[in-house]
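For the sequence shown, full-length UniProt numbering gives the first residue as 1, with consecutive numbering after it.
Think of the CB as a built atom: it goes at the ideal place given N, C-alpha and C, for glycine as much as any other residue.
Everything on this sheet refers to the single structure shown next.
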Amino acid sequence: MWDVPLKNITFMGHSLGAHVSGFAAKDLQKSGYGKIPLLITTDPAYPLFMFSNCEGRLCKKDAERVVVLHTSAAGIQKSIGHLDLWFNNGLSQPACGGNYYIFNLKIN
């Protein structure tokens, strides 16, 4: 079906796209194509994914190597890849203006 070897494929995604990339990689595995070698993401979305397990969000099982760049407080603030890098503590970046995120979470 494909002329491109799986070893030449890398997925990338930001925020919600980080999880979408993970879901696409999961689907390739379930279809029998195998694991992609590299998945690179930035700031995987935190809202709606905060309590999800590996099947419901991006995780290190999605590719041979999952690299996660944390640059924003709006992203997941825990290690979920093989390599997780936090820039300036993963909260806000110099010269990027005043980005403030407020999360109001109520659990019944």
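- Item | Pair within 7 Å by beta-carbon distance, L39 and A63 | Yes, Cβ-Cβ distance for L39 and A63 is below 7 Å.
- Query: Can you tell me whether C59 is buried or exposed, with buried defined as 16 or more other CB within 10 angstroms of its CB?
  - Reply: That one is buried.
- Take the Cβ of P47 as the centre, count every other Cβ of all protein chains shown within 10 Å, and call the residue buried at 16 or more, exposed below. With fewer than 16 Cβ atoms within 10 Å of its Cβ, P47 is classed as exposed.
- Task: Please state whether DSSP places residue 109 in a helix, a strand or coil.
- Result: This structure leaves residue 109 out entirely; the chain is present only between 1 and 108.
- Task: Check whether the Cβ of L85 lies closer than 7 Å to any Cβ atom in chain C.
- Result: Given the protein chain composition of this structure (a single chain), no chain C is represented.
- Item | Complete alpha helix (DSSP H) runs within the stretch 11-79 (minimum length 4 residues, chain order) | For the stretch 11-79, whole alpha helix (DSSP H) runs of length 4 or above, ordered along the chain, are 16-30.
- How close, in whole Å, do the beta carbons of G32 and L6 come, if the pair is a contact with beta carbons under 8 Å? Actually they are not in contact, since the Cβ atoms of G32 and L6 sit about 11 Å apart, beyond 8 Å.
- Message: Quick check: P44 and I76, are their CB atoms within less than 7 Å of each other?
- Response: Yes. Within cutoff.
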